[in-house]
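Per the numbering used here: the first sequence ends with 239, consecutive numbering throughout. Cβ coordinates follow ideal geometry from the N, Cα and C atoms, glycine included. Quick caveat, the model's predicted, so the values are computed rather than measured. The structure under discussion appears below in the form of structure tokens.
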Amino acid sequence: MPERRFWLMKSEPGVYSYDDLLKEEERIAEWDGVRNYTARNTMRDDMQVGDGVLFYHSNSKPNAVVGYAIVVKAGYPDFTAWDPNSDHHDPRSAPDNPIWYMVDIRAENKFHKPVTLQQIKSHDHLQDMVLVKNSRLSVQPVTNRQWKIILTLGMSV
DNA sequence: GCCAACGTTGGC
DNA sequence: GCCAACGTTGGC
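Written out as structure tokens, the structure is:
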């Protein structure tokens, strides 16, 4: 049984928000459309069922982790890549040779208090998060300690 | 709206 | 394989 790991995934709330995830059937969504190799590798190789996912709103007011989710399906080919009608169509990818991968996540809890990027940047034990160091990576690892701190901050009443 | 940082593409 | 040019992300 592999150790449970933790991740952070970003989304622009105007495109897809945590509330959108809550409205999905069984609160589960396919995390399709990621077209970055580092993020792809993480989803394809590292994310496992049961792992925790911080859900972060980027390009938002405020930018913040707004809730968390759980991985319910490990990496598998992102079939939107070979759908010509998809916004994320990539003609280089094909069913017999997929380039892009995704996972499924299920919403677990919306934070009572979103944990803002400002908070994270000024917190002694959070300011070395990948989120701060490389703001462009849309799927990124989170340490056990970072996870615990952010969940405590977000779920406190 | 601006722009810095980053990732990708493509010519050589 | 290098690197300039370009496109995108995302904070401010």
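Practice item. Thinking N141 and L199 are a contact (beta carbons under 8 Å), I'd like their distance in whole angstroms, please. Key: Not a contact, Cβ separation roughly 11 Å.
Exercise for review: Could you tell me how far apart the beta carbons of L235 and V197 are, in whole angstroms, since I believe they sit closer than 8 Å?
Suggested key: 5 Å
Review point. Does the Cβ of T124 have 16 or more other Cβ atoms within 10 Å, making it buried, or fewer, making it exposed?
Key: The residue in question, T124, is buried, as its Cβ has 16 or more Cβ neighbours within 10 Å.
Check your understanding: Which class does G96 belong to by DSSP, given the choice of helix, strand or coil?
Key -> coil
Practice item. Tell me the start and end of each unbroken beta strand (DSSP E) in the stretch 157-202 that is at least 3 residues and wholly inside, in chain order. Key: 183-198
Review point. L136 by DSSP, collapsed to three states: which one?
Key: Three-state result, L136: strand.
**Study point:** Residue(s) in a DSSP beta bridge with Y150
**Key:** By DSSP's assignment, Y150 forms a beta bridge with L136 and N191.
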